Each structure stands twice: as C-alpha cells, then as structure tokens.
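Numbering (our numbering), first residue to last: 472 to 808. Here a beta-carbon is modelled for each residue, glycine too, at the ideal position from N, C-alpha and C. Bear in mind the structure is a predicted one, so any value in this text is a computation, not a measurement.
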Amino acid sequence: MDFNLTATQQAVADVVTSVLNRDLSWDALVSGGVAALPVPERLGGDGVGLPEVATVLTEVGRHGAITPALATLGFGVVPLLDLASDEQQDRFLAGVPKGGVLTAALNEPGTALPDRPSTTFADGRLSGTKVAVPYAASADWIIVTADSAVVVVAPKADGVQLAHTPTSNGADEYTVTFADVAVEDSDVLAGATPSRVNQLALAAIGAYADGLVAGALRLTADYVANRKQFGKPLSTFQTVAAQLAEVYIASRTIDLAAKSVVWRLSEGRDADDDLDVLGYWIASQAPPVMQTCHHLHGGMGMDITYPMHRYYSTIKDLTRLLGGPSHRLDLVGAQCS
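Here it is in structure tokens:
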C-alpha cells in the first residue's frame, strides 16, 4: 500500500495546479483539458481512472475552487465509467470534454446517501424527491438512485421539477422532484446499485474534502507566519502553533482515509469500513478545524472575499451532504454491532 502519487497522478496534479493558479473557474478547467482527463480516449479524453480523478478533486479543493468538478467528475463520470455500457458512456460522456455538466441525485429528505432509496422505479417510470442535487439545472444528465435501479435522466425531461435551494458556498443546488418520469431501457444502468454509486460519490467527496482541509491549513500557516503581534510572527506563539498542529493532524488523517478508500475501490477490494471512517472523519473533524483556521485569521477570516470563506463554507455543505457527524457515527457503529 503506497499512497505516494504515481507519475500519472503527479502529472495530473501539475496540470490542475497550473490551471487553477491562473483561474479558479470551471471554464478554465475545461479549456485546460482537466474535464477531459477521465473521459475515454474514443470520446476525446485521456482515459485516466479513479485515482487520477481523486487527484484532480483534491487539487481543486486545495485551491478552494467552487465549480461543477465534484458533481461532473466525481458524481457523474466516475460512476458512469464503472457502471455504464460503452454505448451509454458514448451518449452521456460526449459533452464533458467541452464543458458539459453531469450530476447525481442521491440524497433524499432526511436521508443522506441511502442504499435503499424511497424513490421508486417501476415499469419504466421514476417517481420521488431528491435533495441537495448540485448543478441540476445546468446538467446535461442526472444519475438517479432508486429502489430497484440506477437510471440516467435529463433535467428537462417531462415530469422533472427543479427547486433552487441555498448553500453555504453559493454553489447551485436543487431539490429535484420526479413525477412519473418516463425512462427508456437504454437509460437504465444494468446491474448498478445505489450502494455502489454512493461508494464512488463518497470517495469523490473525500478527495475533495482532503484538498479543502489541506488548502485551509496552508492558507492559515502562511497567514500566521507573516502576521506579526508584539513584533513577532503569530506562528512563533505556542498556542498558535498548538492549534495549527491540531489542524495538521486532522488534515493528515483525512488524507489517509481518503486515499485508502480510493486505493481499495480502484483495486476492487472491500472498502465499506474505510468509507464509513472517511465519512465520519470528514463530518466530525473538518468543520471544527475550519473554525480553528478562522480563529487564527482573526478578523480576516470573517471577510467573505478572502479565500478562507470558500474552504469553510464548502466543508459545511459537504458535511450536510454526508448527513452530519451523528449520522456518520451511527454508520460506523452499525459495522461494529
């Protein structure tokens, strides 16, 4: 088990970094070829796998970029590469290299990433309500988990209703209602299960959160190293150093859990325990360390035009998407009982 970046992953990280150092937008990622990285070569992409997509998302998080990258690459492309037929991939992934957005409708009212969704699919008809669906209005396709299938639906299909909902970081998010929506057989992912889609989505969330916490740590460390009080850098004060150490520990453990999950899934190994630990650790540890980073920034941390706001607000949204620390702890406990 070696979690150092491979040569391919390092090359991917370098590409993403070179793009985001200039521009944090989705358009920049698309024009820089990042969106095309996991798309099969026959569709104009580079055909990289889950470890490389995780590297992309980690670097996007490290830069605090708020874009459709997680929804498109993590919730859309990765599950389709794992579960869709070649013909389905050709249809659903064709627009991604040019900036097409994909997303997934996974959460339901009161339930985060359910393996047994209450959304129903029977006789070619989809009915139910999904919440916290990112970028649904701008997506070309939405992957939907249902009680008996995983299907792909266009957001403009008859019977699909979108209601915009607020987020902490200002990204687009929707409640999506499916009212007896007709789904063709060709849009059903044969053999796919909600559990598998949720596993891949959680792995993507973990990679993104890994980058967010690491980026906030770097931003804070640089700030306290340059900000002086009583003629000395803040970083030389024992209490400040101790608080930064706590953030570092959380960052390293999230990094370990995220990389372990990606490695296990990409190697076809059982990742259930690692996924539960990852989900709990993000939900329980990332928010408080973001508060610490805010605290160490003083008044600067409260400025919504300062980068710290992007890291903290996005972690709040991811924690909500995961169902919160109590829910994630229940899932860890269920594995022990």
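Would you mind sorting Gly662 into buried or exposed? The rule is 16 or more other CB atoms within 10 Å of its CB. exposed
Assuming Phe649 and Gly677 make a contact with CB atoms under 8 Å, what is their CB distance in whole Å? So it is not a contact: roughly 28 Å between Cβ atoms.
Suppose the cutoff is 7 Å on Cβ atoms and the five residues either side in sequence are ignored; what does the same chain contact list for Ala634 look like? Tyr645 and Thr646
Taking the alpha-carbon of Pro626 as reference, which of Pro539, Asp498 and Leu573 has the nearest alpha-carbon? Leu573
Identified DSSP bridge partners for Leu500: According to DSSP, which records beta bridges pairwise, Leu500 is partnered with nothing at all.
Does the distance from the C-beta atom of Val803 to that of Val748 stay below 8 Å? yes
Asp788, enclosing alpha helix (DSSP H) - first and last residue: Met779 to Leu793
To the nearest angstrom, how far is the alpha carbon of Arg596 from that of Asp561? 24 Å
Under DSSP, the beta strand (DSSP E) around Leu573 begins and ends at which residues? Val572 to Ala576
Is the beta carbon of Leu688 sitting closer than 8 Å to the one on Gly535? no
Paired residues, beta bridge with Arg587 - DSSP: For Arg587, which the question treats as bridged, DSSP gives no partner whatsoever.
Exposed or buried, Ala576, counting other C-beta atoms within 10 Å across all chains shown (16 or more means buried)? buried
So Leu552 and Pro585 are in contact, right, with Cβ under 8 Å, and what is the actual spacing, rounded? Leu552 to Pro585, Cβ: 23 Å. No contact.
In the DSSP assignment, the beta strand (DSSP E) including Lys730 goes from what residue to what residue? Element bounds for Lys730: not the beta strand (DSSP E) but the alpha helix (DSSP H), Gln709 to Ser737.
Report yes if the CB atom of Leu690 is closer than 8 Å to the CB atom of Pro778, and no otherwise. yes
Proximity of Val602 and Asn578 at Cβ, strictly below 8 Å: yes
Within 8 Å, do at least three Cβ pairs link the segment 476-483 to the segment 513-530? yes
Do the segment 656-675 and the segment 497-515 make contact, defined as three or more Cβ pairs closer than 8 Å? no
As a quick exercise: from Thr538, Asp594, Gln756 and Arg587, pick the residue whose alpha carbon is nearest that of Gly571. Thr538
Bounding residues of the beta strand (DSSP E) (the contiguous stretch that carries Tyr645): Glu644 to Ala653
Out of Leu554, Val567, Ala542 and Phe546, which one is the CA nearest neighbour of Arg513? Val567
Could you work out which residue in Leu495, Met771 and Ala672 is closest to Val548 when comparing CA atoms only? Ala672
Quick one: measure Cβ to Cβ for Leu491 and Ala555, integer angstroms, because I've assumed they're closer than 8 Å. Rounded, the Cβ-Cβ distance is 29 Å, inconsistent with contact.
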